[in-house]
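Participant:
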Amino acid sequence: MKLHEYQAKQIFRSAEVPAPSGEVCFSGEKAIEVANSIGGRQWIVKAQIHAGGRGKGGGVCLASSINDVKTCAEQILGMNLITHQTGPKGKLVEKILVEEALAIKDELYLAMVVDRDSQKVAVIGSREGGTDIESIASSSPESIETVHIDPTKGLTSEVVEGFRKKLGLSSEFENKISRLLERLYSLFIEIDASLVEINPLVVTNEALIVAADAKITIDDNALFRQPDLLSIRDTSEEEAAEIAAERAGLNYIALEGNIGCLVNGAGLAMATMDIIQLHGGSPANFLDVGGGATANQVTEAFKIMLGQDGVEVILVNIFGGIMRCDVIATGIVEAVGNVDLTLPLVIRLEGTNVEEGREILAQSGVRFMSAATMDEAAKFAVSVFKG
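Everything in the sequence shown is counted per the numbering used here, starting at 640 for the first residue and increasing by one.
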């Protein structure tokens, strides 16, 4: 689960991680009110969407007067912001962050992320923070420094000192970077984060270290023990189909292909997508109905796929282990009746109660192409799509 920048900074401040004063706004009038309460001579107005690259897309504005604050706010609110992370459709900006502008002397990059290879939290840093960190990481990987935190020891002084030296920070920042890393690591563990990123981490003219930006991602599997964070989830920033699937107990990820896939088991779902691609097709989604799907869940799965733009063929690939083929077959029949399916349907059933399942389908009146193997099913689906 991703958080907005303003939410991440609120969490930072509560953990005593330095961040600029600011507040979320939904109108130009509120932006003026916030700017006046902050004081100062310059303010930053930022679009709040779940995507990076906002500055390059026109979603960040420097205001040097109160009138500029309102102009920036009204310019950004309601815009369709397109960045390299939003895709060509962009995202509608419905809220902005207004905060104090910092006197920047230097910009760094700092992140903590779960490194699954080492099974540790990796601390990643660079002296070259800012908007082009992705291209820098690609063109100059030697400028990115990484240290790992042993979970049995925690954040030790040796790790902190080694990281400071790798970044080339002078000894005057020893205590500041130590406190920052300690607080960030404690926060990372406490909120079950999978990513905490500050880009840029600013060194001000007063030699302060401040999080000028903030990004936090929470591990979805831990949300059951993070009710406070779950309560601030912004579902408007997520795919409606994925939210509907989550509520139905399905695992669904929308893709950009034309062949909708309904499969039981994550591994089989991945293999189905691969074999569709192998035969020249393009999967429209990852959809795992799990090992104990009900007829209602199968119906919801069909509704979600049919609600996705671009789907022209439905491929059902079921290998019944715990999941019984007769249950899936009943679900398919009910689903087709409930959603008034007109798209071509390819079905491959194998496993527990497969004969019963095939008989249910054969007697149902549902029009479909039956495949004996996964390879055959993929070939049928691709050939139907290609006409």
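Positions of the beta carbon are idealized from the N, C-alpha and C atoms, including for glycine. Only a predicted model underlies this, so the values are computations on that prediction, with no experimental measurement involved.
1. Going by DSSP, name the residue or residues bridged to residue 922.
2. CA-CA distance, residue 766 and residue 877?
3. Compare the C-alpha of residue 781 against each of 764, 793, 751 and name the closest.
4. For the beta strand (DSSP E) containing residue 754, list its first residue and its last residue.
5. Ignore the nearest five residues each way along the sequence and tell me which others in residue 798's own chain have a CB closer than 7 Å to its CB.
6. If you count every other CB in all the chains shown that lies within 10 Å of the CB of residue 987, and 16 or more means buried, which is it?
7. Would the beta-carbon of residue 854 fall within 8 Å of that of residue 644?
8. What residue does the alpha helix (DSSP H) around residue 1010 start on, and which one ends it?
9. How would you label residue 792, buried or exposed, when you count the other beta carbons within 10 angstroms and need 16 or more for buried?
10. What does a CB cutoff of less than 6 Å around residue 665 pick up in its chain, not counting 5 residues either side in sequence?
11. By alpha-carbon positions, which one of 966, 845, 880, 688 ends up nearest to residue 743?
12. Please return the same chain residues whose Cβ sits closer than 6 Å to the Cβ of residue 955, not counting the five positions on each side in sequence.
13. Hey, could you find the ends of the beta strand (DSSP E) residue 986 is sitting in?
14. I think residue 892 touches residue 941, with their Cβ atoms under 8 Å apart; what is that distance to the nearest whole Å?
15. Between 958, 838, 762, which has its C-alpha nearest residue 992's C-alpha?
16. Are the stretch 846-866 and the stretch 824-834 touching by the rule of at least three beta carbon pairs closer than 8 Å?
17. What is the C-beta distance between residue 995 and residue 964, in whole angstroms, given that I count them as a contact (C-beta under 8 Å)?
18. Of all Cβ atoms in chain D, is any one closer than 8 Å to the Cβ of residue 998?
19. Under the rule that 16 or more other beta-carbon atoms within 10 Å means buried, what is residue 923, buried or exposed?
20. Assuming residue 970 contacts residue 934 (C-beta within less than 8 Å), just tell me the rounded distance between them.
21. So, is residue 655 buried or exposed, given that buried needs 16 or more other C-beta atoms within 10 angstroms?
Facilitator: Short version:
1. Taking the sequence shown and counting its residues from 1, the one referred to as residue 922 is at position 283. Note: residue 922 sits in a beta bridge opposite 898.
2. Counting from 1 along the sequence shown, the entry for residue 766 is found at position 127. Counting from 1 along the sequence shown, the entry for residue 877 is found at position 238. Whole-angstrom Cα-Cα distance: 33 Å.
3. Residue numbering aside, residue 781 sits at position 142 when the sequence shown is read from its first letter. Of 764, 793, 751, the residue nearest in Cα terms is 764.
4. Against the sequence shown, residue 754 aligns to sequence position 115. It spans 743-754 - the beta strand (DSSP E) in which residue 754 sits, taken as one unbroken run.
5. The sequence position of residue 798 within the sequence shown is 159, counting from 1. So the qualifying residues of the chain are 786, 788.
6. Counting from 1 along the sequence shown, the entry for residue 987 is found at position 348. Buried: at least 16 other Cβ atoms inside 10 Å.
7. Start at 1 with the first residue of the sequence shown, and residue 854 comes out as number 215. Start at 1 with the first residue of the sequence shown, and residue 644 comes out as number 5. Contact flag set, yes.
8. Position 371 of the sequence shown, counted from the first residue, corresponds to residue 1010. Careful: residue 1010 lies outside any alpha helix (DSSP H) and carries neither H nor E.
9. Looking up residue 792 in the sequence shown gives position 153. With fewer than 16 Cβ atoms within 10 Å of its Cβ, residue 792 is classed as exposed.
10. As a working mapping, residue 665 is identified with position 26 in the sequence shown. Cβ within range, chain order: 734.
11. Here residue 743 is taken as the residue at index 104 of the sequence shown, counted from 1. The candidate whose alpha carbon is nearest that of residue 743 is 845.
12. Locating residue 955 in the sequence shown gives position 316, where the first residue counts as 1. Excluding positions up to five away in sequence, the list reads 901, 986.
13. What you label residue 986 is simply residue 347 of the sequence shown in a count that begins at 1. First-last of the beta strand (DSSP E) with residue 986: 984-990.
14. For the purposes of this step, residue 892 is identified with residue 253 of the sequence shown, where counting begins at 1. For the purposes of this step, residue 941 is identified with residue 302 of the sequence shown, where counting begins at 1. About 17 Å; that fails the 8 Å criterion.
15. Your numbering for residue 992 matches position 353 in the sequence shown. The candidate whose alpha carbon is nearest that of residue 992 is 958.
16. yes
17. On the sequence shown, position 356 is the one that residue 995 refers to. On the sequence shown, position 325 is the one that residue 964 refers to. 7 Å between Cβ atoms; contact.
18. In the structure shown, chain D cannot be found, because there is only a single protein chain.
19. Here residue 923 is taken as the residue at index 284 of the sequence shown, counted from 1. Classification of residue 923: buried, given that the 10 Å Cβ count is 16 or more.
20. Looking up residue 970 in the sequence shown gives position 331. Looking up residue 934 in the sequence shown gives position 295. With a Cβ gap of about 4 Å, residue 970 and residue 934 count as contacting.
21. For this step, residue 655 is matched to residue 16 along the sequence shown. With fewer than 16 other Cβ atoms within 10 Å, it is exposed.
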